[in-house]
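Structure first, then comments.
Numbering (UniProt numbering), first residue to last: 1 to 343.
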């Protein structure tokens, strides 16, 4: 909760309208959400050259800020993101925070925020869903208070007995990919895919490393120049386990008869630009024998933008999901004495 104080003429100092409208109490709201990123240019709103915020319906943040206008807060709406995702990347559970103030000094009802936003987004046919809204302390920052982030990457590997020796697909699935999986999963049609090598290679990436080789410099070049240790990251966990198709009914049966699904979960406090997609691309390259483990080891241990092995293909954005942003529950506890809420 923030209190904003502004200068007013002395004669207005003790009027009821002054008390109501000039001492504005702002509450901070944490909004948890999910979205399918196919139609968006990314999570982060575009900023025009003048530095001003622009109306932007091509990004998740821009659409959320437009939707929040239905509440008509007194202040300008400026959401803060917990994480940025690229064009085409999805999110299963991420968060933003926003400060909102009302002229009558009461907070918005958090359930109303969730419901109204979902109805507004649904009317616009936007693939964004609000999962939960809560009031958090004014000191809480959804990005800086994050303990870590978990990404999920989904792949589907054609079963070896259904792929010809030269790697081409047979007639059974030249004409079939489950429609529910379009832009949701990376399908790999390679008979040489070795799951065991895939899993073993992932161990080379766990721990603290300088991931300079794995960073695309488009977004982070300025930060890297000012922070020599910027490319050092701790990969806490990489878990690879059998997955399932999101197809249903007969589509699911056919999909799972043709493909083996795998879920790759990668957890760290933070990641570099396109780091996860490059990491997965390296693991796929090892599993399909495009590169060997030694090449991957050298990319990890000899960090340099010039050390990227160009036989590795960047894994597509549509297979990637921001699975979770992790917080300490105590950081989110709002300690006010249960203020009354209104819609």
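Each residue gets a CB set at the ideal place from its N, CA and C atoms; glycine is no exception.
Shortest alpha-carbon distance to residue i belongs to which of the options?
i           : options               : result
residue 161 : 96, 259, 178 and 98   : 259
residue 189 : 176, 200, 199 and 180 : 176
residue 106 : 83, 71, 205 and 196   : 71
residue 88  : 321, 68 and 264       : 321
residue 247 : 286, 178, 275 and 124 : 178
residue 124 : 332, 215 and 39       : 39
residue 316 : 46, 277 and 115       : 277
residue 308 : 333, 327, 318 and 216 : 216
residue 181 : 334, 327 and 319      : 319
residue 275 : 210, 93, 191 and 126  : 210
residue 193 : 183, 142 and 261      : 261
residue 143 : 335, 334 and 328      : 328
residue 73  : 62, 104, 61 and 84    : 104
residue 62  : 26, 119, 25 and 128   : 128
In the DSSP assignment, what residue or residues form a beta bridge with residue i?
i           : result
residue 207 : 235
residue 294 : Answer by DSSP bridge pairing: none, since residue 294 is not bridged.
residue 34  : 129
residue 155 : 186 and 262
residue 313 : For residue 313, which the question treats as bridged, DSSP gives no partner whatsoever.
residue 99  : 28
residue 149 : 268 and 325
residue 242 : 262
residue 199 : Answer is none; residue 199 lacks a bridge partner.
residue 80  : 97
residue 141 : Its beta-bridge partners do not exist; DSSP assigns none.
residue 42  : 86
residue 91  : 35 and 322
residue 179 : None, per the DSSP bridge assignment.
List the whole-angstrom C-beta distance separating residue i from residue j, where the pair is believed to meet the contact cut-off of C-beta under 8 Å.
i           : j           : result
residue 31  : residue 98  : 7 Å
residue 152 : residue 263 : 6 Å
residue 158 : residue 283 : Contact flag wrong, Cβ pair sits at about 17 Å.
residue 44  : residue 75  : Not confirmed; about 21 Å, so no contact.
residue 140 : residue 28  : 6 Å
residue 64  : residue 55  : That pair is no contact at about 12 Å.
residue 117 : residue 130 : 5 Å
residue 126 : residue 204 : Their Cβ separation, rounded to whole angstroms, is 40 Å, which puts residue 126 and residue 204 out of contact at 8 Å.
residue 37  : residue 90  : 5 Å
I'd like to check one pair, residue j with residue i: are the Cβ atoms closer than 8 Å?
i           : j           : result
residue 325 : residue 34  : no
residue 206 : residue 235 : yes
residue 77  : residue 69  : yes
residue 115 : residue 86  : no
residue 265 : residue 323 : yes
residue 195 : residue 285 : no
residue 213 : residue 332 : no
residue 57  : residue 46  : no
Exercise for the section: Evaluate contact between the stretch 257 to 276 and the stretch 145 to 159, counting only Cβ atoms and requiring at least three cross-stretch pairs below 8 Å. Expected result: yes
Exercise for the section: Count the C-beta pairs between the stretch 299 to 316 and the stretch 106 to 120 that are closer than 8 Å, then say yes if the count reaches three, no if not. Expected result: no
Handout entry: Three-pair Cβ contact test at 8 Å for the stretch 119 to 139 versus the stretch 229 to 249
Key = no
Handout entry: Segment contact, 8 Å Cβ cut-off, at least three pairs: the stretch 187 to 206 with the stretch 249 to 256
Key = no
Handout entry: Three or more C-beta pairs below 8 Å linking the stretch 278 to 292 and the stretch 309 to 317
Key = yes
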